[in-house]
Amino acid sequence: MRLLKTSNTVSPFDISPVPNIKKRTTTSGRKATRSSLITGSPYKDQLTKSLKKSAPKKTSLSVPGVRNRPGGRGGKTKGLQKQRIRPTKRYDSSSDSSDYYDPPLVDSDDDINLDINDGDKPDSRKATCIFCDGKFSEDTRGEV
Numbered sequence: 001m002r003l004l005k006t007s008n009t010v011s012p013f014d015i016s017p018v019p020n021i022k023k024r025t026t027t028s029g030r031k032a033t034r035s036s037l038i039t040g041s042p043y044k045d046q047l048t049k050s051l052k053k054s055a056p057k058k059t060s061l062s063v064p065g066v067r068n069r070p071g072g073r074g075g076k077t078k079g080l081q082k083q084r085i086r087p088t089k090r091y092d093s094s095s096d097s098s099d100y101y102d103p104p105l106v107d108s109d110d111d112i113n114l115d116i117n118d119g120d121k122p123d124s125r126k127a128t129c130i131f132c133d134g135k136f137s138e139d140t141r142g143e144v
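See the structure below:
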């Protein structure tokens, strides 16, 4: 540890040493390779030769057209096949029995009055509770 100076100030270097940062010796990632011009003729020739070798051959060992002959066995298909969509049966109400009652979708306007004026609203004190059938004006619970 260093000797402290006579002043009252303490530096961070007096308290703890500065850590030494070690440089990494290994390189992670790609290895360095020779750069080459893609459109240059030696590289381009090598690339076209390798692509020709790896290209799939179109000649097959089987007799052409065996798979598509009518009445033939056909080959096994790999992958997904199209599924045939079959039409579903629709409900035909005319051919069904007459004991089924289909109620109308719209109620008649005779029993429902949709025009409510503001003057026709009932007083909230005269209204009855749907649970105990008591009037709200008679209920004193919760009041001080």
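Heads up: the sequence shown at position 38 corresponds to 38 in full-length UniProt numbering, and the numbers run straight through without jumps. Every residue gets a Cβ at the ideal spot worked out from N, C-alpha and C, and that includes glycine. Source: prediction; values computed, not measured.
Each residue's CA atom was taken as its position, placing Gly134 and Pro87 some 59 Å apart. Annotation: the continuous alpha helix (DSSP H) that includes Pro42 extends over 41-54. Boundaries cannot be given for Pro17, as no alpha helix (DSSP H) includes it and DSSP labels it neither H nor E. Assigned with DSSP and collapsed to three states, Lys22 falls in coil, not helix or strand. Excluding residues up to 5 positions away in sequence, nothing lies with its Cβ nearer than 8 Å to the Cβ of Asn20 in the same chain. Between the alpha carbons of Lys53 and Arg30 lies a distance of about 27 Å. Beta-bridge analysis with DSSP links Lys135 to Thr128.
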